[in-house]
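This report concerns only the one structure given below.
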Amino acid sequence: MVLAGPDELLKYVSVMPHHKAADIGAGSGAFTDALLNRIGVEGRVYALDALPQLLDSIRRRSHALGKKCMTVCAEFEQGIPLTDNLLDIAIVANTLHAVDPFIRDSFVREIARVVRPGGRALIVDWAGSFNNMGPPASLIVTPVEAVRLFRSQGFETSDMLPAGTHQYAFVATLPEVTLVSA
């Protein structure tokens with residue numbers, strides 16, 4: 119199995135030391151760790167997940183490395199508990215398939231709310247179930263459906279990125295706000 123890891127995929131969103139970034143659905147924190155290695159003390163990294171034990175592990179690991187990570191326990195059905203236009207970068211890795219299909223539109227709307235104009239989201243998810251190696255086939259969000267979800271909330275999307283044998287990835291960017299003078 120060929121995998122594209124967080125370090126390889128983050129190069130597509132140009133993480134800078136001053137950025138504010140969130141790993142939405144952080145899980146074990148692989149993307150959180152990669153963000154912490156790129157974002158300096160003037161930036162901020164948030165890890166959001168529904169499982170407090172995963173967040174505790176991320177917090178302990180980041181503290182041991184001398185890095186500061188804000189961990190937020192979040193049930194995404196209730197929204198994303200971050201302020202509007204806060205993030206330069208949102209990572210949504212292996213999370214879309216885990217969001218209830220009935221709220222996926224509102225979940226992506228929430229991502230659009232917390233990402234600033236000109237900000238980017240890196241979307242990574244399973245391309246299939248692969249004989250139950252991945253999530254159940256009924257939960258798979260196809261690349262076409264994922265792109266549709268993000269475009270429906272105002273994002274512009276990139277071409278598919280190399281994400282390995284079993285996953286897909288793309289960058290979704292919120293357009294900069296332009297003021298029209300009368």
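Numbering (this note's numbering), first residue to last: 119 to 300.
Heads up, the beta-carbon is just placed ideally off N, CA and C, and yes, glycines get one too.
query = Can you tell me whether Phe273 is buried or exposed, with buried defined as 16 or more other CB within 10 angstroms of its CB?
reply = Residue numbering aside, residue 273 sits at position 155 when the sequence shown is read from its first letter. Its Cβ being crowded by 16 or more others within 10 Å, Phe273 is buried.
inquiry  = Can you check which of these residues, Gly184, His136, Leu214, is closest to Pro261 by C-alpha distance?
reply    = Here residue 261 corresponds to residue number 143 of the sequence shown, with the count starting at 1. Of Gly184, His136, Leu214, the residue nearest in Cα terms is Leu214.
ask   = Span of the beta strand (DSSP E) holding Val133?
value = What you label residue 133 is simply residue 15 of the sequence shown in a count that begins at 1. Note, Val133: premise wrong, no beta strand (DSSP E); not H, not E.
query = Would the beta-carbon of Gln271 fall within 7 Å of that of Val226?
reply = Within the sequence shown, numbered from 1, the residue matching residue 271 stands at position 153. Within the sequence shown, numbered from 1, the residue matching residue 226 stands at position 108. For Gln271 and Val226, yes; Cβs fall inside 7 Å.
inquiry  = At the level of alpha carbons, what is the spacing between Ala182 and Gln196?
reply    = Walking along the sequence shown from the start, residue 182 turns up at place 64. Walking along the sequence shown from the start, residue 196 turns up at place 78. If you take the alpha carbons of Ala182 and Gln196, they lie about 31 Å apart.
query = With contact counted as at least three CB pairs below 8 Å, one residue from each stretch, are the stretch 247-258 and the stretch 274-282 in contact?
reply = no
ask   = For Met119, which of helix, strand or coil comes out of DSSP?
value = What you label residue 119 is simply residue 1 of the sequence shown in a count that begins at 1. Residue confidence for Met119 is low, a pLDDT of 40 falling below 50, so the modelled location carries little weight; the figure read from the coordinates is stated next. The answer is coil: DSSP assigns Met119 none of H, G, I, E or B.
inquiry  = I'd like to know if Arg179 contacts chain D, where contact means its C-beta is closer than 7 Å to some C-beta of that chain.
reply    = Among the chains in the structure shown there is no chain D, since it carries only a single protein chain.
message = Given this structure, state the Cα-to-Cα distance separating Val120 from Leu173, to the nearest angstrom.
response = In the sequence shown, residue 120 corresponds to position 2, counting from 1. In the sequence shown, residue 173 corresponds to position 55, counting from 1. In this predicted model, Val120 has a pLDDT of only 49, less than 50, meaning its place in the structure is not dependable enough to derive any value.
ask   = Alpha carbon to alpha carbon, how far is Gly246 from Ile176?
value = Position 128 of the sequence shown holds residue 246. Position 58 of the sequence shown holds residue 176. Looking at the two C-alpha atoms, the distance is approximately 28 Å.
query = Under three-state DSSP, which class holds Pro235?
reply = Walking along the sequence shown from the start, residue 235 turns up at place 117. Strand, per DSSP.
message = Looking only at its chain, what residues have a beta carbon closer than 7 Å to the beta carbon of Lys138, apart from the 5 residues adjacent to it on each side?
response = Counting from 1 along the sequence shown, the entry for residue 138 is found at position 20. Within the same chain, Lys138 has close Cβ partners Gly161, Arg162, Leu204, Leu205, Asp206.
query = Three-state secondary structure (DSSP) at Phe288?
reply = As a position in the sequence shown, residue 288 is number 170, starting the count at 1. It is a strand residue.
request  = Can you tell me the Cβ-Cβ gap for Ala192 and Leu169, rounded? I've got them flagged as a contact below 8 Å.
outcome  = Within the sequence shown, numbered from 1, the residue matching residue 192 stands at position 74. Within the sequence shown, numbered from 1, the residue matching residue 169 stands at position 51. No, Ala192 and Leu169 are not in contact; Cβ-Cβ is about 10 Å, not under 8 Å.
key: Residues that Val190 bridges to, as DSSP identifies them   = Here residue 190 refers to the residue found at position 72 of the sequence shown. Leu166, per the DSSP bridge assignment.
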